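K.L.:
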Amino acid sequence: MCGIFAYTGEKRAAGILIDGLRVLEYRGYDSAGIYTAGSSAAVRAVGTVRNVADKAARLTGTSGIAHTRWATHGAPSEKNAHPHTDCNKSVWIVHNGIIENYKKLRERLTEHGHSFASETDSEVLAHLIEEHMKALGNDFEASARAALKEITGTYGVALMHKSLPGTVITARMGSPIVIGIGSGEYFIASDPTPILHHTKDVVYLNDGEFALISKKGYTISTLDNAAIERIPSTIEWNIDDVKKGGFEHFMLKEIIEEPEVILNAIRGRLVIEEGLAQLGGLREVEDKLAGIKRLVIVGCGSAYYAGVVGKYMLEEYAGIPTEVEIGSELRYRKMLFDEETAIIGISQSGETADTLAAIKEAQRKGVMTLGIVNAVGSTIARETEAGVYNHAGPEIGVASTKAFLSQLSVLALFTLFLGRQRDMSPVMGKRIAEELLLLPGKVERILNDRERIRTIAHKYEQTRDFLYIGRKYNSPIAYEGALKLKEVSYIHAEGYGAGEMKHGPLAMIDEAFPTFAIAPKDSVYEKMISNIEEIKARKGRVIALATEGDMTINEHVDDVIYMPKTLEMLSPILSVVPLQLFAYYIATARGFNVDRPRNLAKSVTVE
Ligand code: M6R
11 MCGIFAYTGE KRAAGILIDG LRVLEYRGYD SAGIYTAGSS AAVRAVGTVR
61 NVADKAARLT GTSGIAHTRW ATHGAPSEKN AHPHTDCNKS VWIVHNGIIE
111 NYKKLRERLT EHGHSFASET DSEVLAHLIE EHMKALGNDF EASARAALKE
161 ITGTYGVALM HKSLPGTVIT ARMGSPIVIG IGSGEYFIAS DPTPILHHTK
211 DVVYLNDGEF ALISKKGYTI STLDNAAIER IPSTIEWNID DVKKGGFEHF
261 MLKEIIEEPE VILNAIRGRL VIEEGLAQLG GLREVEDKLA GIKRLVIVGC
311 GSAYYAGVVG KYMLEEYAGI PTEVEIGSEL RYRKMLFDEE TAIIGISQSG
361 ETADTLAAIK EAQRKGVMTL GIVNAVGSTI ARETEAGVYN HAGPEIGVAS
411 TKAFLSQLSV LALFTLFLGR QRDMSPVMGK RIAEELLLLP GKVERILNDR
461 ERIRTIAHKY EQTRDFLYIG RKYNSPIAYE GALKLKEVSY IHAEGYGAGE
511 MKHGPLAMID EAFPTFAIAP KDSVYEKMIS NIEEIKARKG RVIALATEGD
561 MTINEHVDDV IYMPKTLEML SPILSVVPLQ LFAYYIATAR GFNVDRPRNL
611 AKSVTVE
């Protein structure tokens, strides 16, 4: 949700900032802008970073701040694009987050004679710093601290002052900030991906922290200026992980990576002969986990649907009552927790504001918090007591694909881990472990059949509406399939538990409203066939996702896509892959940029 990038060193900043913004563009892409030291104005443009790049050619400074925006307050326009400045064009700021008290601050500052150039909440920060500078003898650092203390809401900011070229201030409250440490140069970003091009050594800021940076070094402190020592860490990812590698879109590249993603999630974590999962991130809380009687899973979007699959796995195989909650709902509800409950946050980015807020609330109540997170060093990974990393590598496409698959794989490992702590037999544990090992090859088989999926997708590319149905383990996958289609192709799509059809949705079915039915040969197969028949009886067209070898399903449906057989609890790990490809092929046939769907951003760090 908005990407910020800043640089200070000896090189020309503009080029570095443009490259950094390009990498961060997946966080927001409705407008972008740059300010570099020595300039009297910022360059800004509506649309993608490309639109700023030409204008930035004239910027010569060796330090600067940059921003790619996902609008919250004020429509996407040049005047609302960051960087923002004060009345004197001296203070320059980029901001990711939401300043909740901006209206009051803006009123007060207007009364003091400030005039505003944009409709954004962010601009108040520049004017607030300017106002404090009047009272604090033009001390930029002290004024920045004072201004940030007045802000309520969330921020990750990078700040500069015209009279201090080479100095960049950054601070965070709720929106991520990472500082890259180069040799005689420093980088500040909303996430590590643009920093990877320059250095792997980074420090992550925590909420309430403030850093003063120049090419000579950096200091971290609280807003009250109490010094903080932080040992740098090393980014695990490589530069190739954040490149398209010859694929037209990140979304397709990331789907194709899925066999390896499963392998990375399970590598070194299975003891096949004993039917056990070894999860290093849970070692320290192993005993505590053995006493847990109830689990609450929290996530948003695809992560939430992964959580629903996790609930079914955990209840069936570990015997632990599990609830799944949407982050934005849970955070404002009365949470009924006790000391025998643990909360698990699932998040690819590890920065989703609603998921994080729910976890923090649970933490305040003394509940054990766990994370299933992909981005190493992210806030949720650091805030939770223990957890399991996905090791899926960076996911750049806004639509979650490989991260979703790895979340399901980790949930299966987690089920094995908790199940074997309880009543799961070694034989059952071994069965799950062995089957997990076979999944990468099975996903590979689905991927090899992608031309057929493309052909079927093209038959339906002009459809206005789509229904996705599934049962039991594949009912959350129906929701996920619908989410994938709507977010990349803008086709109206709904997911439903197939048994619910007769309670309402069946009314929508006619020749123009097709259904994607997930119908593997499992314990609810016959029920699915009945649901498919109900749709066919209303002239609805049906695409079925069926188990290899199931020839009878052809009699019931219009098109069939096959997937290999696996354990019922693991079938979502296979069934979601054709659904992702189907959405990809429909969206690209309709000419959309699937990596950057309109109105969306990758990391939702605002409410
Ligand atoms: O980074 P997270 O996993 O916490 O993100 C959660 C959702 O924002 C994310 O899954 C979103 O729904 C995707 N666009 C779905 O493809």
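All residue numbers for the sequence shown refer to the numbering used here, where the first residue is 11 and numbers rise by one. Ideal placement from N, C-alpha and C gives every residue a C-beta, glycine not left out. Keep in mind it's a predicted model, so treat the numbers as computed, not measured.
Please identify the residue among I571, E219, P607, A221 whose C-alpha is closest to the C-alpha of L591.
P.N.:
I571
K.L.:
In whole angstroms, give me the CA-to-CA distance for L340 and D348.
P.N.:
Cα to Cα, L340 sits roughly 16 Å from D348.
K.L.:
Does the segment 554-563 touch the segment 378-389, meaning 3 or more C-beta pairs lie closer than 8 Å?
P.N.:
no
K.L.:
Any chance you could list the residues with Cβ under 5 Å from a heavy atom of the ligand M6R, keeping chain order?
P.N.:
C310, G311, S312, A313, S357, Q358, S359, T362, A409, S410, V614
K.L.:
Got a sec, what are the start and stop residues for the alpha helix (DSSP H) T389 sits in?
P.N.:
389-393
K.L.:
Does the Cβ of I249 have 16 or more other Cβ atoms within 10 Å, making it buried, or fewer, making it exposed?
P.N.:
exposed
K.L.:
Determine the DSSP secondary structure at T120, reduced to helix, strand or coil.
P.N.:
DSSP places T120 in the helix class (H, G or I) of the three-state scheme.
K.L.:
Distance check for V53 and E88, CA to CA, integer angstroms please.
P.N.:
9 Å
K.L.:
Just grab the DSSP bridge partners of S338 for me.
P.N.:
Note: S338 sits in no beta bridge, so no partner.
K.L.:
Along the beta strand (DSSP E) that carries G559, what are the first and last residues, could you check?
P.N.:
Looking at the DSSP string, G559 is not in any beta strand (DSSP E), and its letter there is neither H nor E.
K.L.:
When you compare each of A396, L174, E264, Q431 to L324 by their alpha carbons, which one comes out closest?
P.N.:
Measuring from the Cα of L324, the nearest candidate turns out to be Q431.
K.L.:
Please classify K253 as buried or exposed, where buried requires at least 16 neighbouring CB atoms within 10 angstroms.
P.N.:
exposed
K.L.:
In chain order, which continuous runs of the beta strand (DSSP E) of length 3 or greater are located wholly inside the segment 492-578?
P.N.:
With a minimum length of 3 residues, the continuous beta strand (DSSP E) runs that stay inside the segment 492-578 are 502-507, 525-529, 552-557, 569-573.
K.L.:
Nearest to L346 by CA position, among A316, V306, L119, R392, is which residue?
P.N.:
V306
K.L.:
Any idea what DSSP makes of D297, helix, strand or coil?
P.N.:
helix
K.L.:
With L4 as the anchor, note down where its beta strand (DSSP E) starts and where it stops.
P.N.:
Nothing about residue 4 can be reported from this structure: the residues present for the chain run from 11 to 617 only.
K.L.:
In three-state DSSP terms, what is Y470?
P.N.:
coil
K.L.:
Can you list, in chain order, the residues of its chain whose CB lies under 6 Å from that of A181, leaving out five sequence neighbours each side?
P.N.:
L158, V167, F220
K.L.:
Going by beta carbon distance, what residues of the same chain come within less than 8 Å of S410, once the five residues before and after it are set aside?
P.N.:
G311, S312, A313, Q358
K.L.:
Whole angstroms are fine: how far does the CA of A368 sit from the CA of G429?
P.N.:
26 Å
K.L.:
In the DSSP assignment, the alpha helix (DSSP H) including G30 goes from what residue to what residue?
P.N.:
23-34
K.L.:
Are there 16 or more other CB atoms within 10 angstroms of the CB of Y342, so buried, or fewer, so exposed?
P.N.:
exposed
K.L.:
Quick one: Cα of I265 to Cα of I28, how far?
P.N.:
28 Å
K.L.:
Per DSSP, which residues does Y196 bridge with? Please list them.
P.N.:
T18, I191
K.L.:
Per DSSP, what kind of secondary structure is L215 in: helix, strand or coil?
P.N.:
coil
K.L.:
In terms of alpha-carbon separation, which member of P588, R155, F260 lies closest to E490?
P.N.:
Among P588, R155, F260, the Cα nearest to that of E490 belongs to P588.
K.L.:
Indicate whether L169 and I238 have their beta-carbon atoms separated by less than 8 Å.
P.N.:
With respect to the 8 Å criterion, L169 and I238 are not classified as neighbours on the basis of their beta carbons.
K.L.:
Can you tell me whether DSSP reads N458 as helix, strand or coil?
P.N.:
helix
K.L.:
Taking all protein chains shown into account, do 16 or more other C-beta atoms lie within 10 angstroms of the C-beta of E5, making it buried, or fewer, making it exposed?
P.N.:
Because the chain in this structure spans residues 11 to 617, residue 5 falls outside the shown range and cannot be described.
K.L.:
Return the CA-CA distance between I14 and E140, expressed in angstroms with no decimal places.
P.N.:
21 Å
K.L.:
CA-CA distance, E121 and G163?
P.N.:
Straight through space, the alpha carbons of G163 and E121 are spaced by roughly 22 Å.
K.L.:
Does the Cβ-Cβ distance between G74 and Y165 come in under 8 Å?
P.N.:
It is not a contact, given that the beta carbons lie outside the stated cut-off.
K.L.:
With a 10 Å radius around its C-beta and 16 neighbouring C-beta atoms as the bar for buried, classify D605 as buried or exposed.
P.N.:
Its Cβ being crowded by 16 or more others within 10 Å, D605 is buried.
K.L.:
Does the distance from the CB of I542 to the CB of H566 come in under 8 Å?
P.N.:
yes
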